[in-house]
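**Student:** Take a look at this one; I'll ask things after.
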Amino acid sequence: MARRVPFDRSWRIRRAIIIGTILWCVGMVTYLSVWGRDSNLSETTVNGCLLLMASVIGSYVFGAVWDDRNRDQARWGGDYDQPYQREVYRERVAVPQKQDQTDPEPPPGFAE
Numbered sequence: 085m086a087r088r089v090p091f092d093r094s095w096r097i098r099r100a101i102i103i104g105t106i107l108w109c110v111g112m113v114t115y116l117s118v119w120g121r122d123s124n125l126s127e128t129t130v131n132g133c134l135l136l137m138a139s140v141i142g143s144y145v146f147g148a149v150w151d152d153r154n155r156d157q158a159r160w161g162g163d164y165d166q167p168y169q170r171e172v173y174r175e176r177v178a179v180p181q182k183q184d185q186t187d188p189e190p191p192p193g194f195a196e
């Protein structure tokens, strides 16, 4: 199974954007909770920041899975993803029938 390079350029940029967004949301929620006025605007802003944090984290996790899956499909081709395929198919095996118990004739040249 291929591993994602943790310090790949695109992932560093994504990680910086995500961490910046989460830190900004945490700062806003903390500021409005401690020093903000008790108003509908502050309450709505805190709810919006919490929802933004949840959506950013969810997008980051599922975006990484989607990116890995697309990379693996490009590497191996086909409609499925080889590391994630877990289905096992078995052939049907017929039970051998009992043969008669008579001693068969040996091949020519072996009975001498």
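Last residue of the sequence shown: number 196 in the numbering used here, and the count goes up by one each step with no gaps.
Backbone N, C-alpha and C define an ideal beta-carbon position, used for all residues, glycine too.
Predicted model only: the values in this text are computed from it and were never measured.
With G120 and S126 assumed to form a contact (beta carbons below 8 Å), what rounded beta-carbon distance in angstroms separates them?
**Tutor:** About 4 Å; that satisfies the 8 Å criterion.
**Student:** By how many angstroms is the C-alpha of L136 removed from the C-alpha of L116?
**Tutor:** 16 Å
**Student:** Short check: CB of V145 to CB of I106, under 8 Å?
**Tutor:** no
**Student:** L134 and V113 - do their beta-carbons sit closer together than 8 Å?
**Tutor:** yes
**Student:** Whose C-alpha, out of R155, P188, K182 and A138, is nearest the C-alpha of V110?
**Tutor:** A138
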